[in-house]
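Residue numbers (the numbering used here): 67 to 478.
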């Protein structure tokens with residue numbers, strides 16, 4: 067048999083196939099049938115198969131979430147295959163690629179460890195928050211239905227969260243369980259005491275109903291209406307009985323109220339019919355009173371208003387739906403006369419007039435001084451002094467305008 071060579075191997079005359087490595091040649095097989103070139107091609111295909119397998123592993127490690135342990139196992143398996151491979155090719159480069167893969171897998175392993183540590187830390191924070199909220203509910207929550215539902219949600223959130231180290235997980239779970247038990251005990255105690263409160267409230271409301279029913283036939287309208295308001299306040303502060311008892315007692319209580327207030331309304335409606343004539347009288351008195359405004363002669367207007375007020379009182383009561391409107395119109399006239407009287411007093415007050423005159427005189431003097439100061443500043447070309455004087459003059463002139471208006475009021 068003739069021999070054949072390749073950059074990475076050869077076949078000698080006896081058919082022995084060698085591969086070249088950094089450590090020298092190594093026998094990888096024997097070829098007796100066929101040309102030496104066919105032997106090299108065969109063993110190169112075996113090399114290509116190994117290279118392809120390593121390439122696939124590189125892709126998996128670089129682009130997928132292959133577990134570090136599985137990656138290391140696959141690398142070591144391929145390393146053994148390459149070291150002892152009966153193949154012809156650059157086996158040293160395959161080993162180098164596997165070394166690089168091993169380093170990459172190590173980095174992935176460290177990254178995964180960091181991610182897992184971070185996830186555990188985040189899970190611990192989540193579970194500590196869950197426990198803290200459960201403990202708050204256990205000690206503070208009084209909306210029992212909402213509290214119970216939220217505790218159930220917290221348990222589901224706990225189950226959905228990542229697991230943490232066993233010791234911490236156990237401690238936090240015991241706290242969560244204790245909080246749920248504490249909430250359940252407190253809720254039971256509340257509803258137990260609530261039954262006692264409802265029984266007490268029922269007794270108190272039964273007494274209130276008896277009082278309300280006793281008053282339902284009264285014709286002392288004002289006193290009885292006040293008594294019913296007091297009964298209603300006591301009803302509200304008595305607490306709630308059981309639903310069935312509450313509905314039955316409230317029906318009786320409201321029925322007694324309705325009986326009284328319906329009777330009072332009927333009586334007031336009848337009385338309002340009688341008062342309709344009084345309203346007509348007061349309408350005419352208002353027309354007369356409103357002609358007094360605006361006030362021209364204060365003394366005569368006051369005399370006329372006193373006469374109107376006496377006739378107003380003599381006219382008697384009016385229907386309830388007219389009372390506020392009529393009295394409101396009269397108050398407007400009374401207010402106008404009172405304001406006129408106050409204005410007259412201000413005009414005739416010598417002390418106030420003297421103060422107003424003094425203020426006007428003082429401001430005029432101050433303005434004259436500032437005008438002189440401004441003129442000097444302008445002559446001197448002192449821009450800052452000019453600006454300050456102008457601002458001060460603007461303020462003093464505004465004050466003087468107001469003071470002169472006040473003084474003018476004393477001149478009538």
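Ideal Cβ positions, reconstructed from N, Cα and C, are used throughout, including at glycine.
Please read all numbers here as calculations on a predicted model, not as lab measurements.
If you draw a straight line from the Cα of residue 179 to the Cα of residue 133, it is about 11 Å long. Under a 10 Å Cβ-count criterion, residue 140 is classified as buried, with 16 or more other Cβ atoms of the shown protein chains found around its own Cβ. The Cβ-Cβ distance between residue 384 and residue 322 does not fall below 7 Å. Pairing residue 110 with residue 148 gives a Cβ-Cβ distance that is not under 7 Å.
Under the DSSP assignment, residue 76 falls in the beta strand (DSSP E) whose first and last residues are 75 to 77.
In the DSSP assignment, residue 85 falls within the unbroken beta strand (DSSP E) covering 82 to 87.
Under the three-state reduction of DSSP, residue 94 is assigned to strand.
Exposed is the label assigned to residue 411, since fewer than 16 other Cβ atoms lie within 10 Å of its Cβ. Of the candidates 324, 382 and 421, the residue whose Cα lies closest to the Cα of residue 348 is 382. Checking the DSSP bridge columns, you'll see residue 72 partnered with 75.
Ranked by Cα distance from residue 89, the options 168, 324, 268 and 158 are led by 158. Contact annotation: residue 426 and residue 455 have beta-carbon atoms that are not nearer than 7 Å. If you look at residue 183, you'll find it in the alpha helix (DSSP H) that goes 157 to 206. Taken through DSSP and simplified to helix, strand or coil, residue 250 comes out as helix.
With respect to residue 276, residue 307 sits apart: the two C-beta atoms are not nearer than 7 Å.
The beta carbons of residue 406 and residue 364 sit closer together than 7 Å. Taking the Cα of residue 310 as reference, the smallest distance to any Cα among 333, 264 and 279 is reached at 264. With a cutoff of 7 Å on beta-carbon distance, residue 197 and residue 227 are scored as not near each other.
Separation of residue 285 and residue 340 (C-alpha to C-alpha, rounded to the nearest whole angstrom) is 18 Å.
Residue 172 and residue 208 have their C-alpha atoms some 54 Å from each other. Of the candidates 177, 291, 305 and 445, 305 places its Cα closest to the Cα of residue 260.
Considering only 366, 102 and 151, the residue with the shortest C-alpha distance to residue 117 is 151. Straight-line spacing of the CA atoms in residue 312 and residue 205 works out to 30 Å. From the listed residues 379, 185 and 252, the smallest Cα separation to residue 231 is found for 185. By the beta-carbon neighbour count (other beta carbons within 10 angstroms, threshold 16), residue 317 is exposed. Put simply, the backbone Cα of residue 92 is about 36 Å away from that of residue 130.
With a threshold of 16 other beta carbon atoms within 10 Å, residue 102 meets it and is buried. Within a 10 Å sphere around the beta-carbon of residue 122 sit fewer than 16 other beta-carbons, which makes this residue exposed. Considering only 224, 256 and 156, the residue with the shortest C-alpha distance to residue 241 is 224. Rounded to the nearest angstrom, the Cβ distance from residue 98 to residue 81 is 5 Å, consistent with a contact under 8 Å. For the pair residue 472 and residue 422, the CB atoms are nearer than the 7 Å cut-off. Collapsing the DSSP output to three states places residue 449 in a helix.
If you look at residue 357, you'll find it isn't in any alpha helix (DSSP H); DSSP assigns it neither H nor E.
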